[in-house]
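First the structure, in the form of structure tokens, and then the observations on it.
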Amino acid sequence: MTKVLIPGSFDPLHLGHIDVVDQAVELFGDVVIGVLVNFEKPSGLFKPAERVQLARASLGDRRSVTVHAFGGLAVQAAAEVGADFIVKGLRTPNDFDIEQQMAHINHSVTAIRTVFLPCRSDLGFISSRFIREIAAHGEAIDHLVAAPVAAALADRFAGPSH
Ligand code: PNS
Numbered sequence: 009m010t011k012v013l014i015p016g017s018f019d020p021l022h023l024g025h026i027d028v029v030d031q032a033v034e035l036f037g038d039v040v041i042g043v044l045v046n047f048e049k050p051s052g053l054f055k056p057a058e059r060v061q062l063a064r065a066s067l068g069d070r071r072s073v074t075v076h077a078f079g080g081l082a083v084q085a086a087a088e089v090g091a092d093f094i095v096k097g098l099r100t101p102n103d104f105d106i107e108q109q110m111a112h113i114n115h116s117v118t119a120i121r122t123v124f125l126p127c128r129s130d131l132g133f134i135s136s137r138f139i140r141e142i143a144a145h146g147e148a149i150d151h152l153v154a155a156p157v158a159a160a161l162a163d164r165f166a167g168p169s170h
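Structure (structure tokens):
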């Protein structure tokens with residue numbers, strides 16, 4: 009079985025991410041989701057441990073998928089878990105530019121290869137940033153994320169004083 013690392017911020021994990029995870033399971037078998045964070049300077053909406061917990065809850069009982077938080081570089085996380093490849097989902101052609109650059113720089117550091125998987129076309133418009141913004145303003149995001157993330161966002165933005 010081939011093991012791959014899917015690195016990202018996952019703040020929070022959404023349905024587009026889950027589609028890429030499922031494609032990676034089908035193609036490679038063993039998937040580690042790497043929540044890449046700067047432990048010294050935490051930023052974002054959810055803390056690293058919350059992102060991990062929400063990703064695990066969203067992914068349910070997919071047995072060949074694990075979720076871990078990592079500081080440092082994606083290539084270091086890949087080496088730590090023994091990943092054969094890094095996998096990245098591409099939502100739009102625009103994603104390709106920066107992802108290609110990251111793939112080349114990462115390969116230059118540890119020789120690890122990156123495989124791109126196109127996100128399902130009907131999910132390609134979803135982004136964690138948009139989800140945070142929409143939820144913060146009280147609009148529904150339940151169609152964009154799994155139920156545990158929807159509940160966590162509702163909780164985070166409950167009441168007038170969030
Ligand atoms: O979900 P995102 O925010 O698009 O993910 C970007 C991420 C976390 C995968 C990328 O910023 C990353 O790999 N960060 C870790 C730091 C690193 O490896 N930098 C080296 C050049 S890419």
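The opening position of the sequence shown corresponds to residue 9 in the numbering used here, with each subsequent residue numbered one higher. All residues carry an ideal CB built from backbone N, CA and C; glycine is no exception. Computed from a predicted structure; not experimentally measured.
Taking each of 123, 144, 145 and 105 in turn and checking the Cα distance to residue 94, the smallest one comes out for 123. If you draw a straight line from the Cα of residue 83 to the Cα of residue 89, it comes to about 10 Å.
Counting only residues of its own chain and dropping the five nearest sequence neighbours on each side, residue 91 has a CB closer than 7 Å to the CB of 11, 12, 13 and 40. In this structure, residue 77 has its CB at a distance of at least 7 Å from all heavy atoms of the ligand PNS. Looking only at 63, 111, 69 and 103, the smallest Cα-Cα distance to residue 19 is reached by 63.
A distance filter of 5 Å between CB atoms and the heavy atoms of the ligand PNS selects the following residues in sequence order: 15, 16, 17, 44, 81, 82 and 110.
For residue 118, there is no enclosing beta strand (DSSP E); the residue is part of the alpha helix (DSSP H) that begins and ends at 101-118.
For residue 24, no pairing in a beta bridge is given by DSSP. By the C-beta density criterion, residue 105 is exposed, having fewer than 16 other C-beta atoms within 10 angstroms. Contact holds between the stretch 124-135 and the stretch 17-35, because three or more Cβ pairs, one in each stretch, are under 8 Å apart.
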